[in-house]
Structure formats: C-alpha cells, structure tokens
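Chemist:
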Amino acid sequence: MENRLAALESRLQELEDKQAIAEMIASYGPLVDSGAADEVAALWSEDGIYDVDEITMTNREQVRSMVHSTGHQHWIKAGCAHFLGPAKVTITGDTAVAVCHSLMVVNQGGRFVGRRGEASADPEAAAPEFVVRRATAHHFELARSDQGWVTTRRTSRVLDGRPEAPELLRRGAMGQPAQAPEGTAP
Amino acid sequence: MENRLAALESRLQELEDKQAIAEMIASYGPLVDSGAADEVAALWSEDGIYDVDEITMTNREQVRSMVHSTGHQHWIKAGCAHFLGPAKVTITGDTAVAVCHSLMVVNQGGRFVGRRGEASADPEAAAPEFVVRRATAHHFELARSDQGWVTTRRTSRVLDGRPEAPELLRRGAMGQPAQAPEGTAP
Amino acid sequence: MENRLAALESRLQELEDKQAIAEMIASYGPLVDSGAADEVAALWSEDGIYDVDEITMTNREQVRSMVHSTGHQHWIKAGCAHFLGPAKVTITGDTAVAVCHSLMVVNQGGRFVGRRGEASADPEAAAPEFVVRRATAHHFELARSDQGWVTTRRTSRVLDGRPEAPELLRRGAMGQPAQAPEGTAP
C-alpha cells in the first residue's frame with residue numbers, strides 16, 4: 014500500500030512537472046505579443062539567458078527591456094503572433110530540457126486595409142494578409158525553483174539553413190543541453 | 014494515508030481538467046475544418062457565446078449554422094487549416110480560462126495547380142501554395158458541465174493591430190475573464 | 014482504500030498514455046527537421062506505415078530512407094519547419110488514435126538574403142522570408158509496445174481541397190481509424 018502510494022506520488026509529480034513546463038512555454042507567446050514585460054521576464058530565472066540570433070539577454074531585466082523596445086512594440090502595434098508549437102519536455106530531477114518550433118507571423122501593416130475588407134466580404138479572395146517572417150528552433154534549459162519551473166537558458170536560431178538551428182532541434186528532442194553553438198550565425 | 018490519497022485525488026483531478034480542456038481546444042480545428050457541425054457546436058454550452066470579429070454567435074445552433082454556411086463550406090472545399098496553438102489553461106474550481114493563438118491557413122485555390130505540380134517535382138522551388146489569411150488571439154471561458162468542460166464564451170480577435178487582440182492574449186495568459194472588449198474594431 | 018488506489022492508478026495511467034503519445038508526436042518535427050533518421054523511424058513500429066500524399070512507407074527502413082533522401086536533406090539545408098499542432102488523442106486500451114494539423118514552412122533559400130538583412134534592420138519591412146508550402150491533415154493510429162507507444166499507421170493528406178484530408182481530420186477527432194481513403198489524390 015505504501016509502495017503503491019509512493020509510486021503514484023512520484024508518477025504524478027512527473028506529469029505535473031511536464032504540465033507546468035508546457036504551460037510556461039505556452040504562455041510565452043500570449044505574454045510577449047501583449048507586451049506583458051514583467052510576466053515574460055518571470056519565465057526566466059533572475060540570471061536566465063535568452064540567446065537569440067541577433068542578441069543575447071542575460072537576465073530578467075534585459076528580457077523586460079526587449080519587450081519594451083521600440084522594435085518589439087512596433088510588432089505588437091502592427092499585429093504579430095509569436096506562435097510556439099507544442100513542446101517536447103525531458104525532465105531529469107530538478108532540471109529539464111524542452112524543444113519546439115515557432116513561427117513569427119506578422120500583419121502586413123496598414124497597407125492592405127482596403128483589400129482586407131474586400132477579402133472578408135469575398136471568401137473567394139484568399140489574400141495573404143499575414144506573412145511568416147521567421148520559423149525558429151527553440152531549445153529550453155529549465156530548473157525547478159521557488160517560483161516553479163523557470164528557464165535558465167533559452168537558445169533560439171532561425172531555420173534559414175544555418176546548421177545550429179537543426180542541431181538545437183536534435184539536441185532538444187533528445188533531452189540534451191544546447192551547448193554554446195559555435196559559429197553562431199552569419 | 015487518507016491525507017495522501019486525498020491529495021493525490023485532488024492533484025490528479027486538476028491535471029485531468031487541464032487535459033480535458035486542452036483536448037477540447039485541440040479538437041476545434043480538426044472538427045471545424047472537416048465540417049463536423051454538431052461536434053463543433055458541442056464544444057460550447059447550449060447558450061455559449063462565440064464572439065469573433067465579424068459575427069457573434071450566441072448558442073450552439075448559431076455555431077452549427079456558421080459551420081454550414083456557404084463561406085465556411087467554401088474554405089473546406091478550397092483547402093483550409095484552422096491551426097490552433099497549445100492552450101494555456103487556468104482552472105478555478107468549476108470554471109476555467111484558456112488562451113491560444115491560431116493561424117487560418119488557406120490554399121490558394123485552383124489557381125496554382127500547375128505550379129504546385131512543379132513545386133513537388135522540384136524541391137528548389139518553394140512556391141507558396143498556402144497563405145496565412147489570419148493570425149488570431151483566442152480567449153476561452155469554460156465551465157464544468159454534465160458533458161464535461163464546455164466553452165461558455167470564446168472571444169477571438171485578429172492580430173492586425175487592433176488593441177483588443179493583444180489584450181485578450183494578456184488576460185487569457187493571466188487567467189482573467191475576457192470582459193467585453195470596448196471599441197470592438199471596425 | 015484499495016478501490017481508491019486502483020482508481021487513481023487507472024486514471025493516472027490514462028493521463029500518462031496521453032502524455033506519452035503527445036510527446037511522441039511533438040518530437041516528430043524537431044527530429045525530422047534535424048535529420049535524425051533513426052529517431053524518426055523509431056516513432057513507428059517496425060512495420061509501421063507512413064502513408065503520405067506522394068509516397069507510402071511501410072516500415073522503419075523506408076522512413077529512415079525518406080529522411081536521408083536528397084529531397085528531405087535539401088529542405089533541411091534550405092531551412093524548414095515541419096510544424097505540427099497539438100494532437101487530440103483518443104485511447105482505447107492498448108491502441109489509440111490521434112489527429113493534428115501541420116504546416117510545412119520553408120525558407121526562401123538564398124534568394125532573399127539582401128532583403129532579409131534589410132528586414133531585420135527595419136522593422137517596418139515585414140518581408141515574407143518564409144512561406145507555407147503545405148498545410149496537412151495527419152491521422153495517427155498507435156499501439157502500446159515494449160518501446161512505449163509507437164505509430165502503426167500515419168495517414169497524411171494535404172489540405173488543398175481533396176476530400177480525404179478533411180475526412181482524416183474528422184475521423185481522427187472522433188477517435189476512428191483512418192481506413193484506406195478511397196480515391197487517394199490526383
């Protein structure tokens with residue numbers, strides 16, 4: 014009886030951990046696309062790293078600044094979806110690795126307002142009002158903390174043929190750490 | 014022992030609730046893209062609301078009619094994916110809030126049949142056979158019912174720069190109700 | 014007490030099964046986009062079937078060959094995301110059915126390098142660097158095995174108006190087997 018209870022508790026804990034991590038990752042897009050800078054930053058540990066193609070942020074304050082930046086605020090105002098896919102999560106005690114793709118889908122600004130109205134009225138017209146600006150590989154390293162699971166390092170590379178991007182997908186799917194990718198980007 | 018059992022039951026119930034809601038949301042796209050009108054309608058409560066940019070449906074019958082409409086049937090025949098992302102779910106007793114993005118991806122009708130054939134034969138040619146017609150923010154309010162979890166109000170706004178759309182993402186990610194967005198868009 | 018334990022074990026098993034299947038499906042994209050041929054093949058049973066529009070693979074070796082093929086390697090080198098959505102899973106004892114959409118998003122090769130650089134520098138320019146080559150319906154039949162859940166038959170049809178594609182979505186969402194779709198594609 015004791016053994017069965019303990020087994021249940023342990024199995025349930027693993028499911029809860031995976032659920033919590035998936036939930037955290039699923040909240041990134043909605044939070045970043047609504048400019049919720051504090052909540053986005055809180056997905057990382059205090060000195061968590063967000064290493065993306067053009068920039069590496071090394072703590073919550075820098076993540077917050079990215080959300081507040083003119084560039085990011087522009088995307089929100091123009092219309093933008095950071096659309097992350099379902100993450101595959103591998104847990105090892107108090108740390109974890111997760112992997113997913115994302116699409117950054119952006120509205121074509123005000124340029125198509127007229128056509129957009131027409132497109133709504135006429136279903137025959139499948140006008141491309143949005144474009145896929147980026148498809149990206151995301152590798153997350155996570156840790157259990159007092160505030161639940163947080164990202165300690167997220168490494169993101171655009172899938173434009175640079176070899177680090179598929180390598181991140183492979184390592185993430187296999188539950189391996191990202192390792193600093195060499196030769197990061199042209 | 015009793016305490017441990019009760020704790021397990023309660024924790025498991027929460028995971029099952031989140032799973033059931035995620036599953037319901039994951040079934041929307043496949044059901045609506047296959048014209049399964051009754052099954053789509055059954056995702057809402059009998060008087061559930063589906064408030065989308067151009068139209069507000071206020072019961073299952075109206076959701077069913079939307080699926081049967083000429084416009085929607087056109088999209089199915091032309092080729093269409095209502096592609097919803099992983100939802101973030103927040104449960105409070107017998108109600109819940111969920112949030113996700115979606116992409117409405119449509120085939121470019123029969124206009125590109127020739128090019129499509131060529132594209133398949135020649136992997137060099139990355140011809141865009143499909144376009145992203147919309148990227149949308151979805152906010153779900155849900156309730157536990159005799160038929161499981163159902164949507165009582167779904168509010169969807171296209172991410173084209175109108176401020177209600179990111180606001181829905183923010184409120185959804187934080188587990189807050191949608192509230193009737195003011196100035197609901199042109 | 015015994016009854017409560019047994020009920021917990023059974024409910025937990027179902028959640029674990031759904032989690033394992035969702036995880037397996039979520040790993041497909043990262044593995045196939047990184048060319049991890051053995052790991053992709055291992056998602057199927059030894060004689061598992063992958064029936065996709067242009068080709069039907071009937072065992073792991075053929076799945077492995079598809080990953081190694083010139084065509085697939087081209088996509089990896091050019092930049093490609095096989096982006097699968099969250100799956101809806103229906104379990105019946107030791108078999109299961111799952112359904113999801115996917116988008117195959119491809120980089121526009123080297124042709125837009127110049128414009129891409131400009132686009133990064135100028136957030137006003139939402140240049141479409143990636144295109145959606147395909148939106149596809151996926152139906153999975155799965156079985157519990159010594160190596161965990163594996164796919165015994167995956168049937169995938171592009172959502173370009175051919176009737177088998179929405180039919181796969183409908184059957185998958187309702188937990189029904191795919192059945193050999195008649196009149197498979199032009």
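Residue numbers (the working numbering), protein chains in the order written: chain V, 14 to 199; chain P, 14 to 199; chain E, 14 to 199. Where is the CB? At the ideal position from N, CA and C, for every residue including glycine.
Return no unless some Cβ of chain P is closer than 7 Å to the Cβ of E/G185.
Modeler: It does: the Cβ of E/G185 has a partner Cβ on chain P nearer than 7 Å.
Chemist: Please list, in chain order, the chain V residues whose beta carbon lies closer than 7 Å to that of E/I89.
Modeler: Neighbours of E/I89 on chain V, chain order: P179.
Chemist: With distances taken Cα to Cα, identify the nearest neighbour of V/I38 among V/H151, V/G188, V/N16.
Modeler: Considering only alpha carbons, the answer is V/H151.
Chemist: According to the neighbour-count rule (16 or more other Cβ atoms, all chains shown, within 10 Å of its Cβ), is E/G123 buried or exposed?
Modeler: Model confidence at E/G123 stands at a pLDDT of 41, short of 50, so the residue's coordinates are unreliable; what they give is reported in the following sentence. Exposed, by the Cβ-count rule.
Chemist: By DSSP's criteria, V/D64 is part of a beta bridge. Which residues make up the other side?
Modeler: Beta-bridge pairing links V/D64 to V/T69, V/T168.
Chemist: Please identify, using Cβ separations under 7 Å, the residues of the region 161-175 of chain P that lie next to chain V, in order along the chain.
Modeler: For the region 161-175 of chain P, which is checked against every Cβ of chain V, the residues closer than 7 Å are L172, D173, G174.
Chemist: Which chain E residues sit within Cβ distance under 9 Å of V/H114?
Modeler: Neighbours of V/H114 on chain E, chain order: G42, P43, D46, A94, H95, F96, L97, V118.
Chemist: Of all the CB atoms in chain V, is at least one closer than 7 Å to the CB of P/G123?
Modeler: Since pLDDT at P/G123 reaches only 41, below the 50 mark, its modelled position is unreliable, and no value is offered.
Chemist: Examine chain P for any beta-carbon lying closer than 7 Å to the beta-carbon of E/V145, and answer yes or no.
Modeler: Yes, E/V145 lies at the interface with chain P (some Cβ there is under 7 Å from its Cβ).
Chemist: Apart from the five residues just before and just after E/A19, which ones in its own chain have a Cβ nearer than 7 Å to its Cβ?
Modeler: So the list is empty, once near-sequence residues are dropped.
Chemist: Nearest-angstrom Cα distance between P/T165 and P/D173?
Modeler: Spanning the two alpha carbons is a distance of roughly 25 Å.
Chemist: Is V/T168 buried or exposed, if buried means 16 or more other CB atoms sit within 10 Å of its CB?
Modeler: Flag for V/T168 reads buried.
Chemist: Sorted by chain position, which residues of the same chain lie with C-beta nearer than 8 Å to P/S121's C-beta, five sequence neighbours on each side aside?
Modeler: The residue you asked about is not Ser; residue 121 of chain P is Gln in the sequence shown. Cβ neighbours of P/Q121 beyond the five flanking positions: P141, E142, F143, V144.
Chemist: Please report the Cβ distance between P/P179 and V/I89, rounded to the nearest whole angstrom; I am assuming they are in contact, meaning their Cβ atoms lie under 8 Å.
Modeler: The pair is a contact, with the Cβ atoms about 6 Å apart (cut-off 8 Å).
Chemist: Which of helix, strand or coil does DSSP assign to E/A150?
Modeler: Reduced to three states, the DSSP call for E/A150 is strand.
Chemist: Kindly say whether V/R129, judged by its beta-carbon, lies nearer than 7 Å to any beta-carbon of chain E.
Modeler: Residue placement at V/R129 cannot be trusted, given a pLDDT of 34 that sits under 50; the coordinates are not used to answer.
Chemist: Pick from V/L116, V/G98, V/T103, V/S78: whose alpha carbon is nearest that of V/A50?
Modeler: The shortest C-alpha separation from V/A50 is found at V/S78.
Chemist: Determine whether the Cβ of P/L18 lies closer than 7 Å to any Cβ atom of chain E.
Modeler: True, the Cβ-Cβ gap to chain E drops below 7 Å.
Chemist: Return the CA-CA distance between P/D46 and P/A94, expressed in angstroms with no decimal places.
Modeler: Straight-line Cα distance between these residues: approximately 6 Å.
Chemist: In the DSSP assignment, the beta strand (DSSP E) including V/S115 goes from what residue to what residue?
Modeler: Note, V/S115: beta strand (DSSP E), 108-120.
Chemist: How about V/L155: is its C-beta nearer than 7 Å to some C-beta of chain E?
Modeler: False, the Cβ-Cβ gap to chain E never drops below 7 Å.
Chemist: Between the region 26-41 of chain V and the region 100-112 of chain P, do at least 3 Cβ pairs fall closer than 8 Å?
Modeler: The region 26-41 of chain V vs the region 100-112 of chain P: in contact.
Chemist: Under the three-state reduction of DSSP, which class applies to P/L28: helix, strand or coil?
Modeler: Here P/L28 sits in helix by DSSP.
Chemist: What residues of chain P sit near V/I39, judged by a beta carbon separation below 7 Å?
Modeler: The amino acid at residue 39 of chain V is misidentified as Ile; the sequence shows Ala. Within chain P, the residues near V/A39 are P99, A100, K101.
Chemist: Going by the DSSP bridge assignment, what does E/L101 pair with across the sheet?
Modeler: Leu is not the amino acid found at residue 101 of chain E; the sequence shown has Lys there. In the DSSP output, where bridge partners are listed per residue, E/K101 has E/V112.
Chemist: Have a look at E/T69, E/I68, E/L155 and flag the residue whose alpha-carbon is nearest the alpha-carbon of E/A35.
Modeler: That would be E/L155, whose Cα lies nearest to the Cα of E/A35.
Chemist: Quick check on DSSP: helix, strand or coil for V/A20?
Modeler: In the structure shown, V/A20 sits in a helix (DSSP, three-state: H, G or I).
Chemist: I'd like to know if V/E36 contacts chain P, where contact means its C-beta is closer than 7 Å to some C-beta of that chain.
Modeler: For V/E36, the answer is yes, since a Cβ of chain P falls inside 7 Å of its Cβ.
Chemist: Thinking just about the alpha-carbon of each residue, which of V/W162, V/A148, V/W57 is nearest to the one in V/D66?
Modeler: Among V/W162, V/A148, V/W57, the Cα nearest to that of V/D66 is on V/A148.
Chemist: I'd like to know whether the C-beta of V/A49 is nearer than 7 Å to at least one C-beta of chain P.
Modeler: Yes, contact with chain P.
Chemist: Measure the Cβ-Cβ separation of P/V163 and P/S58 and say whether it is below 7 Å.
Modeler: Their beta carbons are under 7 Å apart, which means P/V163 touches P/S58 by this criterion.
Chemist: Going straight from the alpha carbon of E/E27 to that of V/G188, what length do you get?
Modeler: Rounded to whole angstroms, E/E27 to V/G188 spans 24 Å at the Cα level.
Chemist: So with Cβ pairs under 7 Å, would you call E/L28 a contact of chain P?
Modeler: Cβ-Cβ to chain P under 7 Å: yes for E/L28.
Chemist: Is V/L21 close to chain E, meaning its C-beta is less than 7 Å from at least one C-beta of that chain?
Modeler: Answer yes: the Cβ-Cβ gap between V/L21 and chain E drops below 7 Å somewhere.
Chemist: With E/G185 as the anchor, note down where its alpha helix (DSSP H) starts and where it stops.
Modeler: Its alpha helix (DSSP H) spans residues 177-186.
Chemist: Of the choices V/G61, V/V102, V/R73, whose alpha-carbon is the least far from that of V/D30?
Modeler: Here the closest residue by C-alpha is V/V102.
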